[in-house]
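Asks: Protein chains in written order, with the working numbering: chain A, 112 to 257; chain B, 112 to 257; chain C, 112 to 257.
We treat Cβ as the ideally placed atom computed from N, Cα and C, and that holds for glycine.
Remember, it's a predicted structure, so these values are computed and weren't measured experimentally.
Have a look at the structure that comes next, please.
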Amino acid sequence: MEIVRGSINIRTESQFEVIDITSKVAEWLRSIGAEDGLLVVYAPHTTAAITINEPESGLRQDIVDVIKEYFRPGGSWRHNLIDDNAHAHLAASFMGNSRVIPVAGGSMTLGTWQAIMFVEMDGPRQRRAELLFIGGRKPKVPTQGA
Amino acid sequence: MEIVRGSINIRTESQFEVIDITSKVAEWLRSIGAEDGLLVVYAPHTTAAITINEPESGLRQDIVDVIKEYFRPGGSWRHNLIDDNAHAHLAASFMGNSRVIPVAGGSMTLGTWQAIMFVEMDGPRQRRAELLFIGGRKPKVPTQGA
Amino acid sequence: MEIVRGSINIRTESQFEVIDITSKVAEWLRSIGAEDGLLVVYAPHTTAAITINEPESGLRQDIVDVIKEYFRPGGSWRHNLIDDNAHAHLAASFMGNSRVIPVAGGSMTLGTWQAIMFVEMDGPRQRRAELLFIGGRKPKVPTQGA
Numbered sequence: 112m113e114i115v116r117g118s119i120n121i122r123t124e125s126q127f128e129v130i131d132i133t134s135k136v137a138e139w140l141r142s143i144g145a146e147d148g149l150l151v152v153y154a155p156h157t158t159a160a161i162t163i164n165e166p167e168s169g170l171r172q173d174i175v176d177v178i179k180e181y182f183r184p185g186g187s188w189r190h191n192l193i194d195d196n197a198h199a200h201l202a203a204s205f206m207g208n209s210r211v212i213p214v215a216g217g218s219m220t221l222g223t224w225q226a227i228m229f230v231e232m233d234g235p236r237q238r239r240a241e242l243l244f245i246g247g248r249k250p251k252v253p254t255q256g257a
Numbered sequence: 112m113e114i115v116r117g118s119i120n121i122r123t124e125s126q127f128e129v130i131d132i133t134s135k136v137a138e139w140l141r142s143i144g145a146e147d148g149l150l151v152v153y154a155p156h157t158t159a160a161i162t163i164n165e166p167e168s169g170l171r172q173d174i175v176d177v178i179k180e181y182f183r184p185g186g187s188w189r190h191n192l193i194d195d196n197a198h199a200h201l202a203a204s205f206m207g208n209s210r211v212i213p214v215a216g217g218s219m220t221l222g223t224w225q226a227i228m229f230v231e232m233d234g235p236r237q238r239r240a241e242l243l244f245i246g247g248r249k250p251k252v253p254t255q256g257a
Numbered sequence: 112m113e114i115v116r117g118s119i120n121i122r123t124e125s126q127f128e129v130i131d132i133t134s135k136v137a138e139w140l141r142s143i144g145a146e147d148g149l150l151v152v153y154a155p156h157t158t159a160a161i162t163i164n165e166p167e168s169g170l171r172q173d174i175v176d177v178i179k180e181y182f183r184p185g186g187s188w189r190h191n192l193i194d195d196n197a198h199a200h201l202a203a204s205f206m207g208n209s210r211v212i213p214v215a216g217g218s219m220t221l222g223t224w225q226a227i228m229f230v231e232m233d234g235p236r237q238r239r240a241e242l243l244f245i246g247g248r249k250p251k252v253p254t255q256g257a
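Structure below.
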């Protein structure tokens, strides 16, 4: 069993954005030769979150609307006395900045409609998702001439 | 150290339901001979969630009431233009579809009042919780005659 | 690879309190000689939560205000017919009672502004956070004379 770390870069384009990062994460799992184990997707940010759900475009906008309705951008939060993004910190605190996913035979055991989504709430920014895999890996294929 | 995967089936009986699955999960841990490690309970669904709290019947209904109050079943969500369960997707995105629990000597380190609960928000349906254990296992007891 | 368990005690001083426990957790990781792996911070309580965000004092109070606004202490929840802390159970169910953090070279890969926070919602009480590390450890330094 091994621990493998990685990360993916995410360029967000607007203040609020829900971005499907599933294929990038799956590609990373393949690149490290993952077999069975556990994957952690972790946002090292305080104004963004990670969630798992259906990446349908209407629903992604609904998620943004929920954040705006309950965490009120520009609202009279104490943190807005020294900054302008309290809504993003608060929503991130409640949603969580990470998700865990079982991996079987190199593939995440995502349900039919599940996708991993990066939730930007204070963009646009250059963002990152840290990846951590704990589990077994395929024996390395020797490179040509090795 | 090993990775062990499993799953439990959950038949939900109504649209909203908060079901205590602790004993089923504990039984699975015993069945695999788990010792020290980490357990992941993961719902491969986008309209159900996993949480940990007290399984008192009034509180389980309060959880449903919170979901109904803030995520408004039948509300004017964009996702409801193509389906009728936006509330369930949204609540699942915020609550999270998994929880992790340390395991010590084969038992989950749940606090006195804690239980693992499956939160159905778009039932009745046949559901599943994926289980993943990372850790040590008891040496296998040889079966009679082996 | 090893599994190491520990815990830290937390004395809360008021009904609501958001406490930065990052340095205690980091100290525990050092004490066990952690290298690369995964850390789990788990509250074995049903009226407290764990979150990760910026420990700025205004924001910590904003988190409490969000809990009070949406989960209504003293509200007409069913659980309040038999107890008085339904708000704390409900908020804990939604925020989650644990967080996971990748560890690299013995240090958590927390972002610049991230801290691990214990969220008390039914204090003052004596509380605990369970810690679990899965990963590699430094070879033990022999003690003098050994």
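If you check the beta carbons only, do residue 246 of chain B and residue 148 of chain B fall under 7 Å apart?
Replies: Yes, the Cβ-Cβ distance between residue 246 of chain B and residue 148 of chain B is below 7 Å.
Asks: On the DSSP bridge list, what partners appear for residue 161 of chain B?
Replies: BP columns for residue 161 of chain B point to B:229.
Asks: Strictly below 7 Å CB to CB, what residues from chain B border residue 205 of chain C?
Replies: 205, 206
Asks: Verify the CB distance criterion: does residue 238 of chain A have a CB-CB separation below 7 Å to chain C?
Replies: no
Asks: If we define contact as Cβ-Cβ less than 7 Å, is residue 259 of chain B a contact residue for chain C?
Replies: No answer is possible for residue 259 of chain B: it lies beyond the span of chain B, which begins at 112 and ends at 257.
Asks: Exposed or buried, what is residue 155 of chain C when buried is set at 16 or more other beta-carbons lying within 10 Å of its beta-carbon?
Replies: buried
Asks: Within 10 Å of its beta-carbon, does residue 162 of chain C have 16 or more other beta-carbons around it, so buried, or fewer, so exposed?
Replies: buried
Asks: Got a sec, what are the start and stop residues for the alpha helix (DSSP H) residue 169 of chain C sits in?
Replies: 168-182
Asks: Near residue 185 of chain C, which residues of its chain fall below 8 Å by C-beta distance, leaving aside the five closest residues on each side in sequence?
Replies: 191, 195, 198
Asks: Just tell me which of B:127, B:129, B:153, B:203 has its CA closest to the CA of residue 136 of chain B.
Replies: Selected option, being the one with the closest Cα: B:153.
Asks: State yes or no: is the beta carbon of residue 125 of chain C nearer than 7 Å to at least one beta carbon in chain A?
Replies: no
Asks: Could you work out which residues of chain C lie near residue 145 of chain A, taking near to mean beta carbons separated by less than 9 Å?
Replies: Per Cβ cutoff of 9 Å: no residues; residue 145 of chain A is ~15 Å from chain C at best.
Asks: Contact defined as beta carbons within less than 8 Å: I believe residue 205 of chain C pairs with residue 232 of chain B. What is the distance between those atoms, to the nearest angstrom?
Replies: Not quite, the Cβ-Cβ distance comes to about 13 Å (not below 8 Å), so this is no contact.
Asks: Suppose the cutoff is 6 Å on Cβ atoms and the five residues either side in sequence are ignored; what does the same chain contact list for residue 212 of chain B look like?
Replies: 150, 219
Asks: Going along chain A in order, which residues have a C-beta closer than 9 Å to the C-beta of residue 192 of chain B?
Replies: 169, listed in chain order.
Asks: Assign residue 193 of chain A to one of two classes, buried (16 or more other C-beta atoms within 10 Å of its C-beta) or exposed (fewer than that).
Replies: Per the 10 Å Cβ criterion, exposed.
Asks: If I measure Cβ to Cβ from residue 215 of chain C and keep anything under 7 Å in the same chain, skipping five residues before and after, which residues do I get?
Replies: 147
Asks: Determine the DSSP secondary structure at residue 120 of chain A, reduced to helix, strand or coil.
Replies: strand
Asks: Closer than 7 Å, Cβ to any Cβ of chain C: which residues of the segment 216-245 of chain B, in chain order?
Replies: Cβ contacts with chain C come from 220, 221, 222, 224, 225, 245.
Asks: Suppose contacts are defined by Cβ-Cβ distances below 7 Å. Is residue 130 of chain B in contact with residue 244 of chain B by that definition?
Replies: no
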